[in-house]
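Trainee: Take a look at this one; I'll ask things after.
Structural data, given as structure tokens:
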């Protein structure tokens, strides 16, 4: 179906990519809507055919979703409880600092400037960055490119389908297991000052994600990015591609996800023209994710995480991989490895705690989203209209100064020099204002974005917990109808107590990290903000000193 | 004609003023469009009738002009050369600092909140502030209240109609006068370092306009404001109402306007609810006008100006008034009192100088207008969206802090206290941002506004000059056709030289004042801006110090 549409924004084609340069207001004919990856094929009035970002032209029937809506909607369309972290995006526009939270600066849509989309298919061993020129097919109906970016899913997907017949009530597998297989795995929970806590290692694991390098396969047909990951324990770097991180994420989710919220990896993303910036941003976020994982005592001490950080060679890695994939202590069975060193909890207390955590995480999710929304708007203002205004003030001073220069009047130069300097100062301020969000707001946004992702996992974790509580509540009925024995009912209550200790330990871990993270990010933000205003004040003082009182 | 219209903004009626409270989105019926003064009578759905500001409801056919357009258009509709200063207006809105340059903050129209409009009819001796409750008629087709405000006219009106038969060529009255009556008046021009300059007095005249007091007449039916004017020469205050200033302006214009740009008085203005603020603003502008007049050697030494500042009693004032009104050395005849102490100028040089001044004043007018436009926008941003955003940032921090407080986790209070404080700091910043324009931008705007008014007088002054030059150019033809004698032609050239010296002295006066004024206002602006940013930085440092690193 070919139809005439209007071009909404100027777009300059990148040579050699089948792209077509178009001008705002130009009328073009859509020749192929099924290009995918955020691209669409059009023909201009001169008969030239090429690709343009689909967001650059009027909405077409097959356009696939509003790229702006992604910010506030769950890309994965999960349950309403699954408040999901938003997909990322890169922002275009010459002077605008990139707003990496998928915002839309000044009505400029999020266009995917490059043709390369990313696949992370584990099966065919291709990954990370396709060689430019390829236009991957987008499954029809899946939505626009942004939805692609978020399609990986940002809520935690607790994979339980390894257990055939596993019912929706989930935790009964654990609650009603005849005999818990006591393996060598053991996760202890102690009573600390703040209540139940995980057992923390003496030295905290940490790692550095650095040095992204482009590699290629298939005689250069496929390229990928490899990151160097160096743990503080061995100080020996290992290399990993994004898909390895993704594999790790899936394993952690399978194994620990029922008990511990495992935040999603930074989203997969369509990339292209701004590849360098994208890689930098992804690395920063992978670092953030790894740091969070390292900080978690259960995650960091898990075999699969250790394998990821410290595998010796390819053989070691492959063997470890296979072993991890065969691990059967996954899903709710992780609770069978948990041993709280405290008396069993009353089911009522269990339920109260659970409700409290549920309320808190929901409330915090709202608070975090508010900051993200406000921050996103502030970002837009700081990179858009505000610096433009300072620039105009600066220009106005300089223009008046240059008029004054033409007066032909003696003794003009002190004033005109000073006014020109003042004008330039405001131009400098304009630049500072536009640059500043990258220096402070960025980190505030990143931290809150990370927490949004983390909080998005709690509904699932809490749901497992609530299902356990419900099962215990049904205890008497189940005994009466001979579905379970009285002994099993007692066991269930005991096991739900274990689940509650786990949730409490996890919440305490969350709180302690949260306090640390918010202290740190607020300090950074306020420090940078103060410096910013101090620098402006200094510049203004200097500009001021050039004027004379006569 | 009654028609249904939508209310655009909330409006709260002031009791006892026949006003009607209305809500945004409410539907009302216009019952009387001819109230005037920016008011309109409407009936709500409950049958209540009352007045609302006409800008608060949807535009009606008789709405009379776009109040926003006033900023960039010449309210008086003068010649295109007469770039006029814009009419004033008061701004409404609770937290918004008033933008006295007639801007519209955040799409909030300039509504005249009070019912009282001001008349300055000299004839009936009523003036200044009508008793509240009166709704003066607005001539139909004259436009909205803003246009009223500017209707007084902001270009210089050189009144020459005292001389019947005075042709459009204006200066010929002087150029071809048979005999110049040498009176006691004599205005000298010397050659100074910068070229021709007026003779400046040793001590500069200055005066203070202060202490506005409300008086009333006609048994309280009419009220007015009287300002105390105290010159530094006598240090004895005299009282003047606005209409006296206006009378002085008219006299100065008549007498000196052909040679010296006499800037308009601050505009007459519809007033009302914000009467105090209006009076303060008018006083500030009357002070500015008087200061400028005092600084001018010719104006300040003129008999009428001295009378205004130093009259001894009512009798003295009335006698002086009558005398000034009978003065016949007005219009172009002022040139007959000017005696340059320098050789006559070549007509070609005269013309070149004139062109140069014309170019400069036009260019400066553009520059000044650019600053006003940019400043107005900046004002809007600083009093509108920007503080709202800081407020929202502040609220977001505080909200998150209160969520944290609900965590039930120990050792939360340091973080939550610090985050609450940080949030409050951003709310304080919001207030500072909104207040700041009054402290710095205000003066930058006022100075530029004053210069816009002053520059608006130059086209008239220059036009008189150019007409003189044209007359001289016609000299040969006029002699050939026996319209003038050869001797008259010589006299004309000599007299145009005098006019040129006058213009040059005036330009040099203008330049010297300009350099002083812009140095001063830029210093003030930058000083206040620097202080502003320093204060913000200090507040942020303090907020920062409340966070702890663990």
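Protein chains in written order, with our numbering: chain A, 736 to 1285; chain B, 736 to 1285.
Where a beta carbon is used, it is the ideal one built from N, C-alpha and C, also for glycine.
For residue 1206(B) and residue 908(B), which I take to be in contact (beta-carbon distance under 8 Å), what is that distance rounded to the nearest angstrom?
Mentor: About 10 Å; that fails the 8 Å criterion.
Trainee: So with CB distances below 7 Å, who are the chain A contacts of residue 986(B)?
Mentor: Per Cβ cutoff of 7 Å: no residues; residue 986(B) is ~30 Å from chain A at best.
Trainee: For the structure I just gave you, are there three or more beta carbon pairs, one from the region 976–993 of chain B and one from the region 1167–1185 of chain B, closer than 8 Å?
Mentor: no
Trainee: So which residues of chain A does residue 1265(B) contact, with C-beta pairs closer than 7 Å?
Mentor: Those are 1272, 1275, 1276, 1279, listed as they occur along chain A.
Trainee: Residues of chain A with CB closer than 7 Å to the CB of residue 1134(B), please, in chain order.
Mentor: The answer, in chain order, is 1102, 1105.
Trainee: Which residues of the region 1137–1149 of chain A have a Cβ closer than 9 Å to any Cβ of chain B? Give them in chain order.
Mentor: 1137, 1138, 1139, 1141, 1142, 1143, 1144, 1145, 1146, 1147, 1149
Trainee: Could one say the Cβ of residue 761(B) lies closer than 9 Å to chain A's Cβ atoms, at least one of them?
Mentor: no
Trainee: Answer with yes or no whether the minimum CB distance from residue 1130(B) to chain A is below 9 Å.
Mentor: yes
Trainee: Which first and last residues belong to the alpha helix (DSSP H) in which residue 739(A) is found?
Mentor: Careful: residue 739(A) lies outside any alpha helix (DSSP H), inside the beta strand (DSSP E) at 739–741.
Trainee: With distance defined between alpha-carbon atoms, name the residue in 746(A), 775(A), 741(A) nearest to residue 760(A).
Mentor: 741(A)
Trainee: Does any CB atom of chain B fall closer than 9 Å to the CB of residue 932(A)?
Mentor: no
Trainee: Go ahead and pull the three-state DSSP assignment for residue 963(B).
Mentor: Judged by DSSP in its simplified three-state form, residue 963(B) adopts strand.
Trainee: Who does residue 778(B) pair with in a DSSP beta bridge?
Mentor: 764(B), 784(B)
Trainee: Assuming contact is defined by CB atoms lying nearer than 9 Å, are residue 987(A) and residue 1100(A) in contact in what I supplied?
Mentor: no
Trainee: So with CB distances below 7 Å, who are the chain B contacts of residue 1269(A)?
Mentor: 1272
Trainee: Alpha carbon to alpha carbon, how far is residue 994(A) from residue 1254(A)?
Mentor: When rounded, the distance between both Cα atoms is 26 Å.
Trainee: Name the two residues that bound the continuous alpha helix (DSSP H) containing residue 1089(A).
Mentor: 1082–1118
Trainee: Any contact between the region 1126–1139 of chain A and the region 1149–1167 of chain A? By contact I mean 3 or more CB pairs, one from each, below 8 Å.
Mentor: yes
Trainee: Nearest to residue 960(A) by CA position, among 1220(A), 1010(A), 1282(A), is which residue?
Mentor: Minimum Cα-Cα distance from residue 960(A) among the listed residues 1220(A), 1010(A), 1282(A) corresponds to 1010(A).
Trainee: For the region 932–998 of chain B, list the alpha helix (DSSP H) runs that are entirely contained and at least 4 residues long, ordered along the chain.
Mentor: 977–991
Trainee: Mind checking who residue 1075(A) pairs with in its DSSP beta bridge?
Mentor: For residue 1075(A), DSSP records a beta bridge to 924(A).
Trainee: Taking buried to mean at least 16 other C-beta atoms within 10 Å of its own C-beta, is residue 1225(B) buried or exposed?
Mentor: With a threshold of 16 other beta carbon atoms within 10 Å, residue 1225(B) falls short and is exposed.
Trainee: Give me, in chain order, the residues of the same chain whose beta-carbon lies closer than 7 Å to that of residue 748(A); leave out the 5 immediate sequence neighbours on both sides.
Mentor: Closer than 7 Å at the Cβ level, and outside the excluded window around residue 748(A), lie 754, 755, 756, 785.
Trainee: At the 9 Å Cβ level, is residue 839(A) part of the contact set with chain B, yes or no?
Mentor: Because residue 839(A) carries a pLDDT of 30, less than 50, the predicted location of this residue cannot be relied on, and the following value inherits that uncertainty. Chain B contact via Cβ: absent.
Trainee: Looking at the structure shown, is residue 1204(A) part of a helix, part of a strand, or coil, going by DSSP?
Mentor: DSSP places residue 1204(A) in the helix class (H, G or I) of the three-state scheme.
Trainee: Does residue 1065(B) come out as helix, strand or coil in the three-state DSSP assignment?
Mentor: coil
Trainee: Please classify residue 1239(B) as buried or exposed, where buried requires at least 16 other C-beta atoms within 10 Å of its C-beta.
Mentor: buried
Trainee: Answer with yes or no whether the minimum CB distance from residue 1283(B) to chain A is below 9 Å.
Mentor: Yes - at least one Cβ of chain A is within 9 Å of the one on residue 1283(B).
Trainee: Write down the C-beta distance between residue 1231(B) and residue 1082(B) rounded to the nearest angstrom, noting that I regard them as a contact closer than 8 Å.
Mentor: 6 Å
Trainee: DSSP three-state label for residue 757(B), please.
Mentor: Here DSSP, grouped into helix, strand and coil, assigns residue 757(B) to strand.
Trainee: Among residues of its own chain, excluding the 5 on either side of residue 1267(B), which ones have a beta-carbon nearer than 8 Å to its beta-carbon?
Mentor: 1167, 1171, 1174, 1175
Trainee: Starting from the N-terminal side, write out each stretch of the beta strand (DSSP E) that is 3 residues or longer and does not extend beyond the region 1145–1198 of chain B.
Mentor: none
Trainee: Pick out whichever of 1139(B), 1147(B), 1073(B), 1158(B) has its Cα sitting closest to the Cα of residue 1124(B).
Mentor: Of the listed residues, the one whose Cα sits closest to residue 1124(B) is 1158(B).
Trainee: With DSSP collapsed to three states, give me the class of residue 1250(A).
Mentor: helix
Trainee: Would a check of beta-carbon distances place residue 1250(A) closer than 9 Å to chain B?
Mentor: yes
Trainee: What are the boundary residues of the alpha helix (DSSP H) that residue 1217(B) is part of?
Mentor: From DSSP, residue 1217(B) is part of no alpha helix (DSSP H); its letter is neither H nor E.
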